[in-house]
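Peer 1: Below is one structure. I have some questions about it.
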Amino acid sequence: MRTIELWDKSVILIDQTKLPQKLRFIRCENAEEVARAIERMQVRGAPVLAAAAAMALAVTALRSRARKKGQLLRELRRAAELVRRTRPTAVNLSVGLKRALEAAQGAPDVERASEAVVKEARRIAEEDVKVNKKMGENGAKLLRNGDVVLTHCNAGALATVDYGTALGVVRSAWRKGKRIKVIATETRPLLQGARLTAWELKRDGIPTTVVVDSAVGHLMARGEVTKVLVGADRIAANGDAANKIGTYTIAVLAKEHRVPFYVVAPTSSVDLDTPTGKTISIEYRAPREVEFIQGKRILPKGVKVLNPAFDVTPARLITSIVTERGVVKPDKLKSLFKS
Numbered sequence: 005m006r007t008i009e010l011w012d013k014s015v016i017l018i019d020q021t022k023l024p025q026k027l028r029f030i031r032c033e034n035a036e037e038v039a040r041a042i043e044r045m046q047v048r049g050a051p052v053l054a055a056a057a058a059m060a061l062a063v064t065a066l067r068s069r070a071r072k073k074g075q076l077l078r079e080l081r082r083a084a085e086l087v088r089r090t091r092p093t094a095v096n097l098s099v100g101l102k103r104a105l106e107a108a109q110g111a112p113d114v115e116r117a118s119e120a121v122v123k124e125a126r127r128i129a130e131e132d133v134k135v136n137k138k139m140g141e142n143g144a145k146l147l148r149n150g151d152v153v154l155t156h157c158n159a160g161a162l163a164t165v166d167y168g169t170a171l172g173v174v175r176s177a178w179r180k181g182k183r184i185k186v187i188a189t190e191t192r193p194l195l196q197g198a199r200l201t202a203w204e205l206k207r208d209g210i211p212t213t214v215v216v217d218s219a220v221g222h223l224m225a226r227g228e229v230t231k232v233l234v235g236a237d238r239i240a241a242n243g244d245a246a247n248k249i250g251t252y253t254i255a256v257l258a259k260e261h262r263v264p265f266y267v268v269a270p271t272s273s274v275d276l277d278t279p280t281g282k283t284i285s286i287e288y289r290a291p292r293e294v295e296f297i298q299g300k301r302i303l304p305k306g307v308k309v310l311n312p313a314f315d316v317t318p319a320r321l322i323t324s325i326v327t328e329r330g331v332v333k334p335d336k337l338k339s340l341f342k343s
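The opening position of the sequence shown corresponds to residue 5 in the numbering used here, with each subsequent residue numbered one higher.
In structure tokens form, the structure reads like this:
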């Protein structure tokens, strides 16, 4: 079961807003519907957004009535701009759009341009699965039998096409026979840890405990966490990493309590054009996500809300970065890109 697939002339994806109560699939027939699904967090997670973005252009091409390549390219660019505006922090989304557009531009005519976009979208999805499994193998070497791994948000199969980044490391270690346990923060305000990470790990039979976000310091002070594994939506050239809001807090606590803190992300999440985390654009989401829990208001009306979706963890707080090309210290990140 994959998080997202290109099927016929539609994009089929798991509606993550319905989990864990219901496993529901939705069909998107054009770029507008894919963009809406991204904005509504029906599909989320940096790696899967690369595939979703490319698939949005694929269905645009498949349903286009353009007779000339130039007409098709204009349609694809309009669709790309629509999708690009949905999530500014995750670099993978822009990477997926760029690859799909370049595939179309390199084709000689409209028919082959359309075929090229579809082929590239499928290639991105397949690459994601392979990359995640390789990251899992690389990261599993960092875990020992008996480790208690704390993770934040959801960096599992649901955040990718399949397998996962941080949870991919957990899966690989578990399959190698390492008996580990996971502590998942509930991850306010949308509860991705409680709803999605716990759902995934329960299905895999991996022991999981959910805690409120503010319990992390208490657990680390008691020695109940041995490793931290998180994903990333964008990693700057100096190793600073943007991830779900609250990650920076956990990194500070991990440093204080000498708990290794690992970021697990594909090299496609590394943005060498962004020198440091200070220049990463941070998405602010609607106040409603904080004001309500499952449709029930929890704040007094009229109270102001700030809802940043991400924060940036400085490279100095990161023990190592796990990628499909290897495990490196943040200051050695650029070595992964040398031929």
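Heads up, the beta-carbon is just placed ideally off N, CA and C, and yes, glycines get one too.
On a predicted model such as this, the values are computed, not experimentally measured, just so you know.
Taking just the CA atoms, how far does K137 sit from L147?
Peer 2: Each residue's alpha carbon lies about 16 angstroms from the other.
Peer 1: Would you check if the region 237 to 247 and the region 324 to 343 touch, i.e. whether three or more CB-CB distances between them fall below 8 angstroms?
Peer 2: yes
Peer 1: H156 to R179, Cα distance in whole Å?
Peer 2: 22 angstroms
Peer 1: Going by beta-carbon coordinates alone, are V15 and M45 separated by less than 7 angstroms?
Peer 2: no
Peer 1: State buried or exposed for K206, treating a residue as buried only when at least 16 other CB atoms are found within 10 Å of its CB.
Peer 2: exposed
Peer 1: Using 8 angstroms as the Cβ pair cut-off and three pairs as the minimum, do the region 272 to 288 and the region 174 to 193 touch?
Peer 2: no
Peer 1: Under the rule that 16 or more other beta-carbon atoms within 10 Å means buried, what is G100, buried or exposed?
Peer 2: buried
Peer 1: Can you check which of these residues, E130, M139, K231, is closest to I8 by C-alpha distance?
Peer 2: E130
Peer 1: Could you give the first and the last residue of the continuous beta strand (DSSP E) run that contains N247?
Peer 2: 245 to 248
Peer 1: Using the Cα positions of K73 and P112, report the straight-line distance between them to the nearest angstrom.
Peer 2: 8 angstroms
Peer 1: For Q109 and R71, what's the separation of their Cα atoms in angstroms?
Peer 2: 15 angstroms
Peer 1: Is A188 helix, strand or coil by DSSP?
Peer 2: strand
Peer 1: Short check: CB of E124 to CB of T90, under 7 angstroms?
Peer 2: no
Peer 1: With DSSP collapsed to three states, give me the class of E295.
Peer 2: helix
Peer 1: What residues in its chain sit with their C-beta under 8 angstroms from that of A313, if we drop five residues either side in the sequence?
Peer 2: T93, K248, I249, I286, E287, Y288, R289
Peer 1: Which two residues bound the contiguous beta strand (DSSP E) that contains I128?
Peer 2: Element bounds for I128: not the beta strand (DSSP E) but the alpha helix (DSSP H), 114 to 144.
Peer 1: Is it buried or exposed for G227, if we count other Cβ within 10 angstroms and need 16 for buried?
Peer 2: Result: exposed.
Peer 1: In three-state terms, what does DSSP make of I286?
Peer 2: coil
Peer 1: Okay, do the region 264 to 275 and the region 295 to 312 touch, 3+ Cβ pairs below 8 angstroms being the bar?
Peer 2: no
Peer 1: Kindly indicate which three-state DSSP category V174 falls into: helix, strand or coil?
Peer 2: helix
Peer 1: Which residues does DSSP list as the beta-bridge partners of C32?
Peer 2: V15
Peer 1: Three-state secondary structure (DSSP) at I322?
Peer 2: coil
Peer 1: Distance, Cα to Cα, I128 vs A163?
Peer 2: Each residue's Cα considered, the two are about 14 angstroms apart.
Peer 1: If you drop the 5 nearest sequence neighbours on each side, which residues of the same chain put their C-beta closer than 6 angstroms to that of L66?
Peer 2: K13
Peer 1: Flag this pair as yes or no: are the beta carbons of L61 and L80 separated by less than 7 angstroms?
Peer 2: yes
Peer 1: What is the C-beta distance between V114 and L76, in whole angstroms, given that I count them as a contact (C-beta under 8 angstroms)?
Peer 2: 5 angstroms
Peer 1: Quick one: is N96 buried, meaning 16 or more other Cβ sit within 10 Å of its Cβ, or exposed?
Peer 2: buried
Peer 1: Let me confirm a value: S98 is counted as buried when at least 16 other C-beta atoms fall within 10 Å, else exposed. Which label applies?
Peer 2: The residue is buried, with at least 16 neighbouring Cβ atoms inside 10 Å.
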